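Engineer:
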Amino acid sequence: MPDSTQSRAFLISGGGRGIGRGLARFFLAKGHRVFLLDINADELDHATNVHLKQHAPRVASAVCDLRNVDDIRAKVKQAADFLGGRIDVLINNAGTSALTAVARRCR
Numbered sequence: 001m002p003d004s005t006q007s008r009a010f011l012i013s014g015g016g017r018g019i020g021r022g023l024a025r026f027f028l029a030k031g032h033r034v035f036l037l038d039i040n041a042d043e044l045d046h047a048t049n050v051h052l053k054q055h056a057p058r059v060a061s062a063v064c065d066l067r068n069v070d071d072i073r074a075k076v077k078q079a080a081d082f083l084g085g086r087i088d089v090l091i092n093n094a095g096t097s098a099l100t101a102v103a104r105r106c107r
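Residues 1 to 107, numbered by full-length UniProt numbering, are exactly what the sequence shown covers, in order.
(1) Would you kindly check if the distance between the Cβ of D88 and the Cβ of I8 is under 7 Å?
(2) Cβ of G16 within 7 Å of Cβ of L44?
(3) Which residues in the same chain as G14 place their Cβ atom closer than 7 Å to its Cβ, once the five residues preceding and following it in sequence are excluded?
(4) Are there 16 or more other CB atoms within 10 angstroms of the CB of L83, so buried, or fewer, so exposed?
(5) From what residue to what residue does the alpha helix (DSSP H) around I19 run?
(6) I'd like the ranges of any beta strand (DSSP E) spanning at least 3 consecutive residues and lying wholly in the region 29-81.
(7) What would DSSP say about I91, mapped onto helix, strand or coil?
(8) S13 bridges to which residues according to DSSP?
(9) Between N40 and the rest of its own chain, which residues show a CB-CB distance below 6 Å, the 5 nearest in sequence each way excluded?
(10) Can you give the Cα-Cα distance for K75 and C64, rounded to whole angstroms?
(11) Tell me which residues share the same chain as Q78 and place their Cβ nearer than 6 Å to its Cβ, disregarding the 5 neighbours each side in the sequence.
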């Protein structure tokens, strides 16, 4: 982690809730800049405008469908523009999980 005089630019997918939102809060509290992506507009808006509001203007977000390459390209450009032309750290936290047959048997 850089010292407090070095601000890093973070792009975090899956930032609307859970681990992604928690990581955003952590890095923002350290003085870094964060751009969040999530497919769920309501959760992303709530994260940005409620949970992380006190960190404005160092946080921004955009809805992004990571199954769509054109959407990814557009949102990465938007993130880089917001973050001063660079992305220092990418945290690819988006995804879904489902119980597998093994996990169901272990319950």
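Note that the Cβ used here is the ideal one computed from N, Cα and C, for glycine as well.
In this text, all values refer to a predicted model and were calculated from it rather than measured experimentally.
Structural biologist: Well, looking at it:
(1) Position check: residue 8 holds Arg in this sequence, whereas Ile was assumed. For R8 and D88, yes; Cβs fall inside 7 Å.
(2) yes
(3) G20, D38, N93, A94 and G95
(4) buried
(5) G18 to A29
(6) With a minimum length of 3 residues, the continuous beta strand (DSSP E) runs that stay inside the region 29-81 are 33-38 and 59-63.
(7) strand
(8) L37 and N92
(9) G16
(10) 7 Å
(11) A62
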